[in-house]
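S.K.: Reading the sequence shown from the start, the letters are residues 10 to 292 in my numbering.
The C-beta atom is built at its ideal place from N, Cα and C for all residues, glycine as well.
The following block contains the structure, expressed as C-alpha cells.
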Amino acid sequence: MKTPKRILPLIEDGLVDEVLSQLMSGKEATVYTVRSGSEIRCAKVYKEAAKRSFKKAVQYQEGRKVRNSRRARAMEKGSKFGRKQQEEVWQNAEVDALYKVDAAGVRVPKPYGCFDGVLLMELITNDEGEVAPRLNDVTMSAEQAREDHAVMMQYVMRMLCAGIVHGDLSEFNVLVDDYGPVIIDLPQAVNAAANNNAEAMLERDVDNITQYYGQFAPDLLETRYAEEIWSLYEDGELHPDLQLSGHFEDPEGSADVDSVLEEIKAAFAEEQERLERIRDAEE
10 MKTPKRILPL IEDGLVDEVL SQLMSGKEAT VYTVRSGSEI RCAKVYKEAA KRSFKKAVQY
70 QEGRKVRNSR RARAMEKGSK FGRKQQEEVW QNAEVDALYK VDAAGVRVPK PYGCFDGVLL
130 MELITNDEGE VAPRLNDVTM SAEQAREDHA VMMQYVMRML CAGIVHGDLS EFNVLVDDYG
190 PVIIDLPQAV NAAANNNAEA MLERDVDNIT QYYGQFAPDL LETRYAEEIW SLYEDGELHP
250 DLQLSGHFED PEGSADVDSV LEEIKAAFAE EQERLERIRD AEE
C-alpha cells in the first residue's frame, strides 16, 4: 500500500522497511501493520489534537509532570510551542505506561519507541500468525469468562501497584490471543497518586470489563473488585501477587442520598460513553 506520510521518516531511518496494511482507525490514532526486517510489527500513528475525538483529555493530563520549566510554562499558556510539547507528552505517556505495566506483570504489546508521533510496537497475533481479535469480537463459555475476568482484574490491580490506572479500559481496548487477554491503548493512562479522577476511572475500567464478561457469566456482575482494589490501595496493602476475592463490605453508616444520585448520574454517563465507543468501533 502507499506509505502514509507520517511513517516515511521511519522508513528513511531504517526503522520500518515496508507498510503492509491499515489495521484499524480509532478516535486517537490509526494503526498500520509494517515490516521491520524479518518481523511484522504495528505502527500507531497518533492523530493531531484537533482531529482527535478523545473526550475530557484534561482529566487524563492532570498529574502529568514536565521537568523542563520552559516547556511547562509554554504548555500552560497554550502557545504553538506549548501545544507541540503537550502532544509529545500525550504520545510519550503511552510508551512510559507500556514499559511500567509490562514490568509489573501485565500483558501489553512490547514497545520499540515513539518517533515523531508514531509508536512502533509488537503486533499481537495468534499461533497461526493472524492478528489477534479485540475482546468485543470474542464469545466464550462461562468458565472461560470467569477465568479471563480474573486475569483482567489481576492486571488492573498490578497496574495500580505500578501507580497507573488505564482510564479507558473496555472490551475495545483488549486483544485476545491464544494465551489470554492483552491490554492495549494507554496514552490516557493516569498517575493514580496525582490524579483526582483516578478512583472513578478505575471503577469505570473495572465496570466496563465486568459488564462484558458478565454476558457469559452473570455471576460476575455481583462482584465488587473495584472497591476491593481501591480500598487495599488506600490502606497500603496492595501488592502484585495478592489474590483478590471480588468481595467488599460497605462501611457502616447511614445511606448518603446525594452519593446515590451521583452514582446514578455516573452510571448513565458511562452507558452513554459505552454506546459512543461502540459507534466509534463500528466506523
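#1: Tell me which residue opens and which closes the alpha helix (DSSP H) that Val-165 is part of.
#2: Quick one: residues in its chain with C-beta nearer than 6 Å to the C-beta of Glu-282, no 5 flanking neighbours on either side, listed in chain order?
#3: Mapping DSSP to helix, strand and coil, what is Glu-37?
#4: Using three-state DSSP, classify Glu-27 as helix, strand or coil.
#5: Taking the alpha helix (DSSP H) that Met-210 falls in, what are its first and last residues?
#6: At the level of alpha carbons, what is the spacing between Thr-39 and Glu-258?
#7: Please list the terminal residues of the continuous beta strand (DSSP E) segment that includes Glu-48.
#8: Where Asn-200 and Ala-207 are concerned, what is the direct C-alpha to C-alpha distance, given to the nearest angstrom?
#9: Helix, strand or coil: which one does DSSP assign to Ile-133?
#10: Mind checking Ala-52: buried by the 16 CB within 10 Å criterion, or exposed?
#11: Helix, strand or coil for His-248, going by three-state DSSP, please let me know.
#12: With DSSP collapsed to three states, give me the class of Leu-230.
#13: Please state whether the Cβ-Cβ distance between Asp-177 and Gln-163 is less than 8 Å.
#14: Should the region 122–130 be regarded as contacting the region 100–114, the criterion being three or more beta carbon pairs within less than 8 Å?
#15: Please state whether DSSP places Ile-193 in a helix, a strand or coil.
#16: What does Gly-122 pair with, by DSSP beta-bridge criteria?
#17: Relative to the C-alpha of Ala-113, which candidate in Met-166, Glu-271, Ile-133 and Ile-238 has its C-alpha closest?
#18: Determine, using beta-carbon pairs with one atom in the region 215–226 and one in the region 170–189, whether at least three such pairs fall under 8 Å.
#19: Checking 8 Å against the spacing of the C-beta atoms, do Ala-154 and Leu-184 come in under that value?
#20: Is the beta carbon of Leu-195 less than 8 Å from the beta carbon of Glu-103?
#21: Verify whether the separation of the beta carbon atoms of Val-54 and Pro-13 is less than 8 Å.
#22: For Tyr-69, does the three-state DSSP call read helix, strand or coil?
#23: Can you tell me whether Asp-187 is helix, strand or coil according to DSSP?
#24: Report the rounded CA-to-CA distance for Glu-21 versus Arg-15, giving the unit in angstroms.
M.R.: Walking through what the data contain:
#1: Counting from 1 along the sequence shown, the entry for residue 165 is found at position 156. DSSP places Val-165 in the uninterrupted alpha helix (DSSP H) bounded by 151–170.
#2: Sequence index remark: in the sequence shown, residue 282 carries index 273 (1-based). Nothing listed; no residue qualifies.
#3: Here residue 37 is taken as the residue at index 28 of the sequence shown, counted from 1. Reduced to three states, the DSSP call for Glu-37 is coil.
#4: The residue labelled residue 27 in the question sits at position 18 within the sequence shown. In this structure, Glu-27 counts as strand in the three-state DSSP scheme.
#5: In the sequence shown, residue 210 corresponds to position 201, counting from 1. Start and end: 207–223.
#6: Residue 39 sits at position 30 when you count from the first residue of the sequence shown. Residue 258 sits at position 249 when you count from the first residue of the sequence shown. Cα to Cα, the separation comes out at about 43 Å.
#7: Counting from one through the sequence shown, the residue named residue 48 turns up at place 39. 48–55 is the extent of the beta strand (DSSP E) around Glu-48.
#8: On the sequence shown, position 191 is the one that residue 200 refers to. On the sequence shown, position 198 is the one that residue 207 refers to. Rounded to the nearest angstrom, the two C-alpha atoms are 7 Å apart.
#9: As a first step, residue 133 is located in the sequence shown; it is residue number 124 there, counting from the start. Ile-133: coil per DSSP, three-state reduction.
#10: If you number the sequence shown from 1, residue 52 lands on position 43. Label assigned to Ala-52: buried.
#11: Position 239 of the sequence shown, counted from the start, is the residue given in the question as residue 248. His-248 falls in the coil class under three-state DSSP.
#12: Position 221 of the sequence shown, counting from 1, holds the residue named residue 230. Of the three classes helix, strand and coil, the one that applies to Leu-230 here is helix, per DSSP.
#13: Within the sequence shown, numbered from 1, the residue matching residue 177 stands at position 168. Within the sequence shown, numbered from 1, the residue matching residue 163 stands at position 154. Their beta carbons are not under 8 Å apart, which means Asp-177 does not touch Gln-163 by this criterion.
#14: yes
#15: In the sequence shown, counting from the first residue as 1, residue 193 sits at position 184. Ile-193 falls in the coil class under three-state DSSP.
#16: Working through the sequence shown from its first residue, we reach residue 122 at position 113. BP columns for Gly-122 point to Leu-129.
#17: As a position in the sequence shown, residue 113 is number 104, starting the count at 1. It is Met-166 whose Cα lies nearest to the Cα of Ala-113.
#18: yes
#19: As a position in the sequence shown, residue 154 is number 145, starting the count at 1. As a position in the sequence shown, residue 184 is number 175, starting the count at 1. It is not a contact, given that the beta carbons lie outside the stated cut-off.
#20: Residue mapping note: residue 195 aligns to position 186 of the sequence shown, counting from 1. Residue mapping note: residue 103 aligns to position 94 of the sequence shown, counting from 1. Result yes, Cβ atoms of Leu-195 and Glu-103 sit closer than 8 Å.
#21: As a working note, residue 54 is residue 45 in the sequence shown. As a working note, residue 13 is residue 4 in the sequence shown. Against a cut-off of 8 Å, the Cβ pair of Pro-13 and Val-54 comes out as a contact.
#22: Here residue 69 corresponds to residue number 60 of the sequence shown, with the count starting at 1. Unreliable positioning characterises Tyr-69 in this predicted model, as indicated by a pLDDT of 45, which lies under 50. The coordinate reading is nonetheless provided below. The answer is helix: DSSP assigns Tyr-69 an H, G or I state.
#23: The residue given as residue 187 occupies position 178 in the sequence shown. If DSSP states are grouped into helix, strand and coil, Asp-187 belongs with coil.
#24: By one-based count along the sequence shown, residue 21 stands at place 12. By one-based count along the sequence shown, residue 15 stands at place 6. Answer to the nearest angstrom: the Cα atoms are 11 Å apart.
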